C-alpha cells in the first residue's frame, strides 16, 4: 500500500517535548525553542 490510511490529508504534529527528545536522542543539544503557532488556531490556543 501507499500508506496514508483512511485520511491521506491527516498530518501528525509532534509536540515540543517529543521533538526535543528526538533531537537529544540523536546527539543534539536544544538551546532555544521558538514557537509560531499552528494554523488555523489563534496564537493563544496553539
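Residue numbers (the numbering used here): 30 to 75. Heads up, the beta-carbon is just placed ideally off N, CA and C, and yes, glycines get one too. Here the structure is a predicted model, which is why all the values come from computation and not from measurement.
For residue j and residue i, the rounded distance between their alpha carbons
i          : j          : result
residue 69 : residue 42 : 13 Å
residue 61 : residue 54 : 17 Å
residue 30 : residue 36 : Any answer about residue 30 is weak, because its pLDDT of 48 lies below 50 and its placement is not dependable; what the coordinates show is given next. For residue 30 and residue 36, the distance between alpha carbons rounds to 14 Å.
residue 52 : residue 39 : 24 Å
residue 66 : residue 56 : 27 Å
residue 71 : residue 49 : 23 Å
Candidates the options, of which the one nearest residue i by Cα
i          : options       : result
residue 64 : 54, 58 and 44 : 44
residue 47 : 71, 59 and 67 : 59
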